[in-house]
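Residue numbers (the working numbering): 1273 to 1470.
Note that beta-carbon positions come from the ideal geometry of N, C-alpha and C, so glycine has one too.
One structure is given below, encoded as structure tokens.
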Amino acid sequence: MTCWSCGKPPGAGAFCEACGKVQPAAPGSDHFAALGLERRFAIEAAEIERRYRNVQRRLHPDRFVTKSVPERRLSLQRATAVNDAYRTLKDPLKRAEYMLALEGMPADGEASPDLLAEILELREELDAAKSAGDAARIGELRAHVRRQQDDTMSAIARAFEGSAPAQAAALVHRLRFIARFLEDASGTVEARVQCPRS
Ligand SMILES: [Zn+2]
């Protein structure tokens, strides 16, 4: 590949390494490449944030106001790709699902009976704690499930690094249930329903 402006090899980033002009995305480029990241599951949230802010700042429309039409068009395409990449990669669940899709592995299989039983039990405990207005118990459940989330994410990273996408898919399923549970548990304690006094 050569730079459209100077004809030199532009490098892998959004801007030509020789002349600094914005470049079209390479064919087959993915969300990781859009942010200049290696394709792996275990990435620090701060690293994704830092890459995103950096490239987003360089692609800001204000910087292209006086540039040529093709450069404005390319910068817009690049900025859109960078936003999509950021939205997908910053969320560990979406990042894992995206990596499975890149591997051609469907992420929507059946949950195992063990997983369903485990989640059901946690849900029942959560519902009981919520209706009792027991904020401490909700906090405990949330902390317990957060630890499960951390463990699952470590296991997903190991599965991807060991090139075991089927194993990763099963773990992603688990992560999805965990995410949903934490979402439900994140609301404030519901007010107890008062029976109207007659
Ligand atoms: Zn160039």
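query                                                                                                                                               : result
What do you reckon, is the C-beta of S1342 under 7 angstroms from a heavy atom of ligand 1?                                                         : Rather than Ser, the amino acid found at residue 1342 in this sequence is Pro. Flag unset: Cβ of P1342 not near ligand 1.
Pairing CB atoms from the region 1369 to 1378 with CB atoms from the region 1419 to 1439, are three or more of them under 8 angstroms?              : yes
Return yes when the C-beta of K1280 is under 7 angstroms from any heavy atom of ligand 1, and no when it is not.                                    : yes
Is the closest heavy atom of ligand 1 to the C-beta of S1384 under 7 angstroms?                                                                     : no
Exposed or buried, K1280, counting other C-beta atoms within 10 Å across all chains shown (16 or more means buried)?                                : exposed
Starting from T1352 and walking both ways along the alpha helix (DSSP H), at which residues does that stretch end?                                  : 1341 to 1361
Tell me the DSSP secondary structure of F1336 in three-state form.                                                                                  : helix
Under DSSP, the alpha helix (DSSP H) around A1290 begins and ends at which residues?                                                                : Looking at the DSSP string, A1290 is not in any alpha helix (DSSP H), and its letter there is neither H nor E.
Name the two residues that bound the continuous alpha helix (DSSP H) containing K1366.                                                              : 1364 to 1374
Could you tell me whether the region 1351 to 1363 touches the region 1296 to 1313, where touching means 3 or more Cβ pairs closer than 8 angstroms? : yes
Going by other Cβ atoms of all chains shown within 10 Å of its Cβ, with 16 needed for buried, is L1372 buried or exposed?                           : buried
Taking only the alpha-carbon atoms, compute the straight-line gap between L1331 and I1391 and give it to the nearest angstrom.                      : 44 angstroms
I'd like to confirm something about S1347: is its beta-carbon nearer than 7 angstroms to some heavy atom of ligand 1, or not?                       : no
Can you give the beta carbon distance from A1397 to L1387, rounded, assuming they're within the 8 angstroms contact cut?                            : According to the sequence shown, residue 1397 is Glu rather than Ala. With a Cβ gap of about 16 angstroms, E1397 and L1387 do not count as contacting.
What does a CB cutoff of less than 8 angstroms around C1291 pick up in its chain, not counting 5 residues either side in sequence?                  : C1275, S1277, C1278, K1280
Is the CB-CB distance between H1445 and L1361 below 8 angstroms?                                                                                    : no
Going straight from the alpha carbon of I1450 to that of I1320, what length do you get?                                                             : 22 angstroms
Taking the beta carbon of A1369 as the centre, do at least 16 other beta carbons fall within 10 Å, making it buried, or is it exposed?              : In the sequence as displayed, the identity of residue 1369 is Glu instead of Ala. Result: buried.
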